[in-house]
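Peer 1: At position 534 of the sequence shown the residue is numbered 534 (the UniProt record's numbering), and the sequence of numbers has no breaks.
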Amino acid sequence: MDMINLKIDGFDVSVPKNTTILEAAKQLNIDIPTLCFMKGVNEPGSCRVCVVEVAGWRGLHPACVTKVSEGIVVKTATSTVREARKNILELIMANHNRECLSCPRNLKCELQTLCNDNGIDAIPYEGKVDKGCLDTSGPIVRDPNKCVLCGRCVSVCSKIQDVSAIDFAFRGAHMTVTTAYEEGLANQECINCGQCIKICPVGALQERDDTEKVWKALENPELHVVVQTAPAVRVALGEEFGFAPGTNVEGEMVTALRRLGFNKVFDTNFSADLTIIEEGNELIDRIKNGGKLPLITSCSPGWIKYCEHNYHDFIENLSSCKSPQQMFGAIAKSYYPIKTDVDPKSVFVVSVMPCTAKKYEADREEMNVDGLKDIDAVITTRELAKMIRQAGIKFAELENSKQDSILGTYSGAGTIFGNTGGVMEAALRTVADKLTGKSLDCIEYTAVRGLDGIKEATVNIADMEIKVAVANGTGNASKLLDKIRAGEANYHFIEVMGCEGGCINGGGQPIIKDKSTTDAVKTARIKGLYDIDVSCEKRKSHENPEIQKLYSEYLGEAGGHKAHKLLHTHYTAR
């Protein structure tokens with residue numbers, strides 16, 4: 001490999017050819033600030049906050065795109081560089097809505113941090129702050145007056161998610177990030193995944209805030225308010241309160257939810273187990289009886305909407321099972337009231353989800369039974385953290401407590417739903433036992449784990465070769481389905497997660513301030529869920545005693561009439 005020798009701020013470094021100055025500086029632990037650049041997503045950048053001085057070269061050069069050359073001498077913090085950065089930030093701030101104290105990203109804003117680090121205490125320029133109206137048409141709220149035109153959201157939407165719901169429009173001082181015909185996001189092909197929120201350096205993109213709706217429900221004496229928490233929430237919520245990424249704060253979370261006033265605290269892991277029973281039964285039925293294959297999982301609402309828009313020919317392949325969120329709501333308003341003598345109409349179901357698309361899913365017309373909406377309100381991991389702070393709860397000092405029974409017990413299989421490949425592995429654990437008629441000891445299907453874009457495996461179960469695949473994010477799902485369309489691949493079962501990494505990287509998870517640590521944070525959250533799985537007494541969904549009781553007392557057989565009415569749905573070409 002050709003190596004290039006250079007000097008940065010007086011230190012020698014040797015790096016491979018085609019390395020950028022920004023990457024070379026990182027090897028010396030020299031932090032060159034960036035605003036728009038993001039490795040693998042938004043390259044090259046355009047803000048020029050990362051400018052540096054190179055001896056003998058004319059002018060300043062953006063470190064994120066400038067490649068190293070043999071023997072160059074780079075200065076990253078001369079007075080010229082510092083003044084230029086300060087001037088660039090002042091110009092950006094001149095066109096920025098500076099209502100920082102009321103912004104959801106206050107103290108987690110990259111622009112705010114840069115301005116503080118560069119000593120900006122006044123804005124000498126007068127720019128265009130009123131750049132458009134707030135878009136509140138859907139679960140993702142867009143504020144063009146806070147947009148800094150970094151382009152990150154455009155890149156992640158098109159390059160990673162393969163959606164392209166937003167893009168740049170107009171030129172010069174009139175340039176903006178907008179939608180087709182400047183319609184609301186709800187009228188676009190947006191899948192509500194929220195990856196744009198997580199990658200935005202400021203507060204131009206945020207989830208719709210539903211915390212006030214939940215507060216009002218908790219204060220209504222006529223409502224019986226129950227809450228479910230998704231698997232991925234427990235290994236990320238702690239980050240909002242100083243815990244290391246991947247730390248399991250399930251016990252503290254349950255205690256906090258009780259202190260907030262919920263009548264019952266349940267777990268989406270329970271309904272993840274329920275989903276596996278129904279989806280596993282559906283897979284076995286399709287394999288044995290010549291049903292439409294491959295069966296494709298339907299747990300990710302972002303993926304479902306993506307399929308409805310772009311892959312109409314695969315809609316029949318989608319599992320008819322509702323997602324765990326929706327299954328929980330259906331059971332909470334049918335079986336749970338019978339067991340507790342509560343009026344089903346008084347039951348108000350709140351979901352705590354790592355996913356902004358879950359807000360959209362809960363509002364779908366199909367998601368109700370006998371006129372009762374499955375889910376009444378969805379808040380993200382970030383919104384739960386906000387409510388905990390509003391209540392003055394010292395989260396890090398809370399004692400541990402456990403979820404309530406009936407809808408709170410779960411298996412390890414239900415837990416790993418939050419990881420890419422987790423739904424597949426959970427399903428295989430149950431399907432293998434059902435097809436062989438035995439309780440198998442080998443239950444870890446490591447071939448479907450990890451952050452690879454597309455994972456494939458062939459599993460031998462009961463003398464059958466079952467071909468499976470996992471698509472990590474909608475961009476990779478597109479590649480996989482195109483291969484199937486072209487006759488280049490063939491499978492029995494496919495898992496798709498709308499976000500890369502799965503729910504642990506959902507659009508509602510805590511904002512990762514240092515974007516260079518994103519992969520490390522995702523890996524830590526994934527490990528957190530697998531650690532819980534290993535620690536569970538029961539690691540297969542069909543061994544969950546509460547699930548067994550639900551079927552014996554209420555649902556009857558998997559895929560039966562009552563189960564189908566409560567737990568299954570349909571999807572539509574858009």
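Idealized CB from N, CA, C, for every residue including glycine.
Assuming residue 328 is part of the alpha helix (DSSP H), what are its boundary residues?
Peer 2: First-last of the alpha helix (DSSP H) with residue 328: 324 to 332.
Peer 1: As a quick exercise: from 351, 206, 319, 149, pick the residue whose alpha carbon is nearest that of residue 326.
Peer 2: It is 351 whose Cα lies nearest to the Cα of residue 326.
Peer 1: What residue from 557, 12, 353, 286 has the CA that sits closest to residue 418's CA?
Peer 2: Ranking 557, 12, 353, 286 by Cα distance to residue 418 puts 353 first.
Peer 1: Cα separation between residue 402 and residue 44?
Peer 2: Rounded to the nearest angstrom, the two C-alpha atoms are 48 Å apart.
Peer 1: What do you get for residue 525, buried or exposed, if any count of 16 or more other CB atoms within 10 angstroms of its CB means buried?
Peer 2: That one is buried.
Peer 1: Roughly how many whole angstroms lie between the Cα atoms of residue 573 and residue 116?
Peer 2: Approximately 49 Å between the Cα atoms of the pair.
Peer 1: Count the other CB atoms within 10 Å of the CB of residue 130; is the residue buried (16 or more) or exposed (fewer)?
Peer 2: By the neighbour-count rule (16 or more Cβ atoms within 10 Å), residue 130 is not buried but exposed.
Peer 1: Can you give me the C-alpha to C-alpha distance between residue 276 and residue 125, rounded to a whole angstrom?
Peer 2: Rounded to the nearest angstrom, the two C-alpha atoms are 58 Å apart.
Peer 1: Under the three-state reduction of DSSP, which class applies to residue 192: helix, strand or coil?
Peer 2: Three-state DSSP puts residue 192 in coil, outside helix and strand.
Peer 1: What did DSSP end up calling residue 243 once you bin it into helix, strand or coil?
Peer 2: The answer is coil: DSSP assigns residue 243 none of H, G, I, E or B.
Peer 1: Going by C-alpha distance, which of 368, 303, 56, 438 is nearest residue 191?
Peer 2: When only C-alpha atoms are compared, the closest one is 303.
Peer 1: Could you check where the beta strand (DSSP E) with residue 267 kicks off and where it finishes?
Peer 2: Unbroken beta strand (DSSP E) run through residue 267: 264 to 267.
Peer 1: In the structure shown, what three-state DSSP assignment does residue 142 receive?
Peer 2: In the structure shown, residue 142 sits in a strand (DSSP, three-state: E or B).
Peer 1: What are the start and end residues of each continuous alpha helix (DSSP H) run of 4 or more residues lying completely inside the stretch 37 to 119, in chain order?
Peer 2: Counting whole runs of 4 or more residues, the stretch 37 to 119 contains the alpha helix (DSSP H) stretches 79 to 94, 110 to 117.
Peer 1: So residue 4 is in the beta strand (DSSP E); what residue range does that whole segment cover?
Peer 2: Residue 4 -> beta strand (DSSP E) spans 3 to 8.
Peer 1: Taking the beta strand (DSSP E) that residue 575 belongs to, which residues open and close that run?
Peer 2: No statement about residue 575 is possible, as the shown extent of the chain runs from 1 to 574 and does not include it.
Peer 1: Using 10 angstroms around the beta-carbon of residue 140, count the other beta-carbons present and answer buried if the total reaches 16, otherwise exposed.
Peer 2: With 16 or more Cβ atoms within 10 Å of its Cβ, residue 140 is classed as buried.
Peer 1: Could you give the first and the last residue of the continuous beta strand (DSSP E) run that contains residue 379?
Peer 2: Segment 377 to 380, the beta strand (DSSP E) holding residue 379.
Peer 1: For residue 119 and residue 86, I'd like the C-alpha separation in whole angstroms.
Peer 2: Rounded to the nearest angstrom, the two C-alpha atoms are 8 Å apart.
Peer 1: Just the Cα atoms here: how many angstroms apart are residue 172 and residue 568?
Peer 2: Going by the C-alpha atoms only, they are around 50 Å apart.
Peer 1: Secondary structure at residue 18, three-state DSSP: helix, strand or coil?
Peer 2: Residue state, collapsed to three classes: coil.
Peer 1: Helix, strand or coil for residue 490 per DSSP?
Peer 2: Residue 490 falls in the coil class under three-state DSSP.
Peer 1: Provide the residue span of the beta strand (DSSP E) that contains residue 420, from first to last.
Peer 2: Taken as a continuous stretch (DSSP letters only), residue 420 belongs to no beta strand (DSSP E), as it is neither H nor E.
Peer 1: Quick check on the burial criterion: 16 or more other C-beta atoms within 10 angstroms. Buried or exposed for residue 253?
Peer 2: Answer is buried; the Cβ neighbour count reaches 16.
Peer 1: Can you give me the Cβ contacts of residue 282 inside the same chain, cut-off strictly under 6 Å, excluding the 5 residues immediately before and after it?
Peer 2: Excluding residues within five positions, the ones whose Cβ falls inside 6 Å are 319.
Peer 1: Check residue 165 in the structure and name its three-state DSSP category.
Peer 2: Residue 165: coil per DSSP, three-state reduction.
Peer 1: Assuming residue 539 and residue 391 are in contact, meaning their beta carbons sit under 8 Å apart, how far apart are those beta carbons, in whole angstroms?
Peer 2: Actually they do not touch by this definition, with Cβ atoms about 35 Å apart.
Peer 1: Could you spell out the range, first to last residue, of the beta strand (DSSP E) harbouring residue 154?
Peer 2: Note, residue 154: premise wrong, no beta strand (DSSP E); alpha helix (DSSP H) at 152 to 155.
Peer 1: Specify whether the stretch 259 to 279 and the stretch 422 to 433 touch according to this definition: at least 3 beta carbon pairs, one from each stretch, less than 8 Å apart.
Peer 2: Yes, they touch.
Peer 1: Quick one: grab the DSSP three-state call for residue 11.
Peer 2: Three-state DSSP puts residue 11 in a strand.
Peer 1: Mapping DSSP to helix, strand and coil, what is residue 136?
Peer 2: Residue 136 falls in the coil class under three-state DSSP.
Peer 1: For the alpha helix (DSSP H) that contains residue 570, what are its first and last residues?
Peer 2: No alpha helix (DSSP H) contains residue 570, which DSSP labels as neither H nor E.
Peer 1: For the stretch 355 to 405, which segments carrying the beta strand (DSSP E) assignment without a break, of at least 3 residues, lie completely within its bounds, in sequence order?
Peer 2: Runs of the beta strand (DSSP E) inside the stretch 355 to 405: 377 to 380.
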